[in-house]
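>
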């Protein structure tokens, strides 16, 4: 319950990003603000500060003011409010994580059920496809797809997705993780197919579609539900990694990964720019993993039984 | 020259060639009379000789072959390892732009209306393999330039008679009638197809190094090629380190051209991230880093290590190249709007602040031959940049009828370039476009933005001089002849081609041979005309930060080849 509460808190706070940016901090977190100013201790201060000591080299963004109205976590090198971007970035990261996990689970359920239930050539073809995708190191595959698609977008027939669209990272991440969910589901369906109630359904002449929908799917669904929060965490981490490498979410949009990337050049002077999104990723990923464990325990009576012995 | 590659200069073309009569005479031999050399000639301070100089770089600079490599990283080292017939003076200050005799005993005798250059070779100079340098080595070296497909063979050295034939069939290149050796007189004569004011500068850069005649006619890669300098390359492993040691056969013949060095060995180690390089120099584990210190370390260097930091201006500029053949930048109003809208000071801040760069309004950097102080795109007018005028920019975009056009900005994906790219994205959105940013690896961005097949609309890039001549900016970057559609090697990234301006540039080049003052005045006019058509938006002229360890002394900065590595003291 604790994990769920933390996760809900993170989601709610991130959803309030426009309220914070518009009504509390009065900033636009996306465009560059290199000549901007803010108020620190009642004085107007430039958000990018030139060094006037020594040789006078370097320009540094202001650090955390701990004032919720004025650059609470400081500015990045474009002079943008880090806290506002952190909230907007959370929206993007959670959106990509959840939608790609959903897409991944739907695709995996579809393919896993088909492969496990029909067997034969269909199983062979689908299993080999899973093997091929699985053969690639997951990040290498995601990076390759991102590099290709993010420079020119995706054009399949009348479907066109622009180079900067969030749909691209969502689709890429969903696809690369399909085998991770589909293979266990296939195994589950293979065992379900041999069970008496399925044999009985086949015996009374039920159609494949009916058996899949009414008999197999309800029994496989708890596994998919257990997978979902874990996949959200995994997908969110992948998105952060891709965005950190500049091949995920494209600027000026923010995600936790892009903010860490922005902070990379400020590690020595303004470490908070990278630390804050890093912490948010850790908190969210741990919450999702704990939630996944909780859901598994809740849906697995045997685990409960084991726990009580 | 592009980033990470060394830029050179050719002041000689403008200074010394201008003063020579085309009827033929020998240029006065450069000597230790110049102030900079006179200062240095206080004498070789042998008490500082010895020790190992430790340099660090993130990555190796590619092939070690001096006739192929075109990087700043190794051109800086070649100064101590190779010699040409002439070279840029090894000293600090303005004198470093002067071309002086090196393996030649004196500056060449120029005859035939500037089409024939005759050099007399020094006697007794030896390569690091012990072999004596002969005129045959000189001829072979220039043939080899074509055999190894030197990057500038087709743009610089094809002016030599027979050069174009060598370009067609490099393997059988003889340069017959182009480079003629006379062993008895110990002379080498170059015959050009037309007078070239920049020929001596082109001989003075590392491509013009004299190497042994037996050197294979293909890129030697990691195998060191013997040279005549004070040092030779002892070993090279691009994954680990490059080691230079004293050339046992070297005897100083010209303080100006090839002075004796101080360290016994110079070692450049590869593989450290730049942040670690800075730390290594701070801790005295390394003596100098090749890569620019990252922005987040500048304040620290500036305050805690100020005495170890050297800041020097570069004849270079960062600019936005706008594709004059693609929408929306095929409309001059849009290109002018970008020039009005970009806040140069913001770009300067992203580069590291006012101490590290100056806002630019012109193609030719300040202090460069032909540079004229003017600023067409600054709020309130004047000859220097003051502020952007967004209202004017927006009005121009509106007038062009192209507002709302999608625009992709292509930048390198390093911290500084990507930051500037993000800023430009904001500006383009502000003035009415739908801008996206496309950051690419530095390894591919420079060729990617040159190729018209990639349909790049606007890109952020930089240009560093090869040698100090206006044509090295204006003609190289913006002439019809440097625009090659469909090629990765089309340095006129804007695709700008104006026949009238081209004709003026040709006139200015011809004028350089006889009247430098007039030629420079014409280059200034061309710069103005160019900026009126705005194929690019100059952002700023950068400076270079050299950070050396506490033990290093005798820092000298050549404007041509930057820090003189072998002149540093580590003892």
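Chains as they are written, first to last, in my numbering: chain A, 1054 to 1362; chain B, 2 to 572. Note that beta-carbon positions come from the ideal geometry of N, C-alpha and C, so glycine has one too.
Measure the C-alpha to C-alpha separation of residue 383/B and residue 478/B and round it to an integer number of angstroms.
Position 382 of the second chain, counting from 1, holds the residue named residue 383/B. Position 477 of the second chain, counting from 1, holds the residue named residue 478/B. Their Cα atoms are separated by approximately 26 angstroms.
> Which of the three DSSP states, helix, strand or coil, is assigned to residue 392/B?
Sequence index remark: in the second chain, residue 392/B carries index 391 (1-based). Correct three-state label for residue 392/B: helix.
> With residue 1233/A as the anchor, note down where its alpha helix (DSSP H) starts and where it stops.
Residue 1233/A sits at position 180 when you count from the first residue of the first chain. Segment 1220-1246, the alpha helix (DSSP H) holding residue 1233/A.
> Label residue 51/B either buried or exposed according to how many other C-beta atoms from any shown protein chain fall within 10 Å of its C-beta, with 16 as the threshold for buried.
Start at 1 with the first residue of the second chain, and residue 51/B comes out as number 50. By the neighbour-count rule (16 or more Cβ atoms within 10 Å), residue 51/B is not buried but exposed.
> Closer than 6 angstroms by C-beta to residue 496/B: which residues in its own chain qualify, once you throw out the five before and the five after it? Chain order, please.
As a working mapping, residue 496/B is identified with position 495 in the second chain. If we look at residue 496/B and ignore the five residues flanking it on each side, its Cβ neighbours are 324, 325, 326, 484.
> Is DSSP giving residue 386/B helix, strand or coil here?
In the second chain, the residue the question calls residue 386/B occupies position 385. Here residue 386/B sits in coil by DSSP.
> Under the criterion of a Cβ to heavy atom distance below 6 angstroms, does residue 1257/A qualify as lining the ligand COA?
Looking for the ligand COA in the displayed structure turns up nothing, as the structure carries no ligands at all.
> Cβ of residue 1091/A less than 7 angstroms from any chain B Cβ?
Working through the first chain from its first residue, we reach residue 1091/A at position 38. Residue 1091/A does not count as touching chain B.
> Which residues mark the beginning and the end of the alpha helix (DSSP H) in which residue 1096/A is found?
Along the first chain, one-based indexing puts residue 1096/A at 43. From DSSP, residue 1096/A is part of no alpha helix (DSSP H) but of the beta strand (DSSP E) over 1096-1099.
> In chain order, what residues of the same chain lie with their CB nearer than 8 angstroms to the CB of residue 1423/A, ignoring the 5 residues before and after it?
A query on residue 1423/A cannot be resolved here, the shown segment of chain A reaching from 1054 to 1362 and no further.
> Between residue 248/B and the rest of its own chain, which residues show a CB-CB distance below 7 angstroms, the 5 nearest in sequence each way excluded?
Residue 248/B sits at position 247 when you count from the first residue of the second chain. Cβ neighbours of residue 248/B beyond the five flanking positions: 129, 230, 231, 232, 233.
> From the DSSP output, in three-state form, read off residue 559/B for me.
Taking the second chain and counting its residues from 1, one reaches residue 559/B at position 558. Residue state, collapsed to three classes: strand.
> Can you look up residue 1/B in the DSSP assignment and give me helix, strand or coil?
Since the displayed chain B opens at 2 and closes at 572, residue 1/B lies outside it and no answer follows.
> Span of the beta strand (DSSP E) holding residue 316/B?
Taking the first residue of the second chain as position 1, residue 316/B is located at position 315. Here residue 316/B belongs to no beta strand (DSSP E), and DSSP marks it neither H nor E.
> Under 7 angstroms between the Cβ atoms of residue 470/B and residue 268/B?
What you label residue 470/B is simply residue 469 of the second chain in a count that begins at 1. What you label residue 268/B is simply residue 267 of the second chain in a count that begins at 1. No, the pair does not count as a contact, with Cβ atoms beyond the cut-off.
> Can you check which of these residues, 407/B, 349/B, 398/B, 418/B, is closest to residue 387/B by C-alpha distance?
The residue labelled residue 387/B in the question sits at position 386 within the second chain. Nearest option by C-alpha distance: 349/B.
> Measuring CA to CA, which of 190/B, 403/B, 256/B, 416/B is closest to residue 113/B?
For this step, residue 113/B is matched to residue 112 along the second chain. For residue 113/B, the nearest C-alpha among the options comes from 190/B.
> Which of the three DSSP states, helix, strand or coil, is assigned to residue 76/B?
Here the question's residue 76/B lines up with position 75 in the second chain. It is helical.
> Kindly list the residues whose CB is nearer than 6 angstroms to the CB of residue 310/B, restricted to its own chain and excluding five residues on each side of it in sequence; keep chain order.
Counted from its first residue, the second chain places residue 310/B at position 309. Result list for residue 310/B: 302, 548, in chain order.
> List, from N- to C-terminal side, the beta strand (DSSP E) runs of 3 residues or more that fit wholly inside the stretch 1154-1181 of chain A.
As far as the stretch 1154-1181 of chain A is concerned, it has no whole beta strand (DSSP E) run of at least 3 residues.
> Quick one, which of 454/B, 476/B, 100/B has its alpha-carbon nearest residue 505/B's?
In the second chain, the residue the question calls residue 505/B occupies position 504. The option with the nearest alpha carbon to residue 505/B is 476/B.
> With C-beta atoms as the reference, is residue 1101/A less than 7 angstroms away from residue 1132/A?
Taking the first chain and counting its residues from 1, one reaches residue 1101/A at position 48. Taking the first chain and counting its residues from 1, one reaches residue 1132/A at position 79. Contact flag set, yes.
> Within a Cβ cutoff of 7 angstroms, which residues of the same chain sit near residue 1183/A, ignoring the five residues on either side of it in sequence?
Your numbering for residue 1183/A matches position 130 in the first chain. Hits under 7 angstroms: 1232, 1235, 1236.
> Any Cβ of chain A within less than 7 angstroms of the Cβ of residue 424/B?
Working through the second chain from its first residue, we reach residue 424/B at position 423. At least one chain A Cβ lies under 7 angstroms of residue 424/B.
> Give the list of continuous beta strand (DSSP E) stretches no shorter than 3 residues that lie fully inside the stretch 188-250 of chain B.
Taking only runs of at least 3 residues, the beta strand (DSSP E) segments lying wholly in the stretch 188-250 of chain B are 188-192, 232-238, 242-247.
> Anything in the stretch 280-307 of chain B with a Cβ closer than 9 angstroms to a Cβ of chain A? List those residues in chain order, please.
Listed in sequence order: 294, 295, 296, 297, 298, 299, 300, 301, 302, 303, 304, 305, 306, 307.
> Just how far apart, CA to CA, sit residue 1071/A and residue 1139/A?
For this step, residue 1071/A is matched to residue 18 along the first chain. For this step, residue 1139/A is matched to residue 86 along the first chain. One C-alpha to the other measures close to 12 angstroms.
> Name, please, each residue of chain A whose Cβ falls closer than 7 angstroms to the Cβ of residue 550/B.
Indexing the second chain from 1 puts residue 550/B at position 549. Simply none; closest approach about 17 angstroms.
> Kindly indicate which three-state DSSP category residue 1149/A falls into: helix, strand or coil?
Here residue 1149/A refers to the residue found at position 96 when the first chain is read from its first residue. Residue state, collapsed to three classes: helix.
> Tell me whether the beta-carbon of residue 353/B lies closer than 7 angstroms to the beta-carbon of residue 1111/A.
Taking the first residue of the second chain as 1, we reach residue 353/B at position 352. Taking the first residue of the first chain as 1, we reach residue 1111/A at position 58. A contact, by the Cβ cut-off of 7 angstroms.
> Taking 7 angstroms as the cut-off, decide whether the C-beta atoms of residue 1169/A and residue 1242/A are in contact.
Taking the first chain and counting its residues from 1, one reaches residue 1169/A at position 116. Taking the first chain and counting its residues from 1, one reaches residue 1242/A at position 189. Yes, the Cβ-Cβ distance between residue 1169/A and residue 1242/A is below 7 angstroms.
> Give the residues of chain B in contact with residue 1208/A, contact being defined as C-beta atoms less than 9 angstroms apart.
Here residue 1208/A corresponds to residue number 155 of the first chain, with the count starting at 1. Residues of chain B passing the Cβ test: none, with the nearest at roughly 15 angstroms.
> Mind checking if residue 27/B is an interface residue toward chain A, Cβ cutoff 7 angstroms exclusive?
As a position in the second chain, residue 27/B is number 26, starting the count at 1. Interpretation of residue 27/B is limited by its pLDDT of 35, a score under 50 that renders its predicted location unreliable; the figure taken from the coordinates is listed afterwards. Output row for residue 27/B: interface = no.
> Taking contact to mean at least 3 C-beta pairs separated by less than 8 angstroms, is the stretch 387-405 of chain B in contact with the stretch 426-443 of chain B?
Yes, they touch.
> Taking Cβ-Cβ distances shorter than 7 angstroms, what residues in chain C pair up with residue 1112/A?
Given the protein chain composition of this structure (A and B), no chain C is represented.
> One question on the structure: do residue 68/B and residue 146/B come within less than 7 angstroms of each other, judged by their Cβ atoms?
By 1-based counting over the second chain, the position of residue 68/B is 67. By 1-based counting over the second chain, the position of residue 146/B is 145. For residue 68/B and residue 146/B, yes; Cβs fall inside 7 angstroms.
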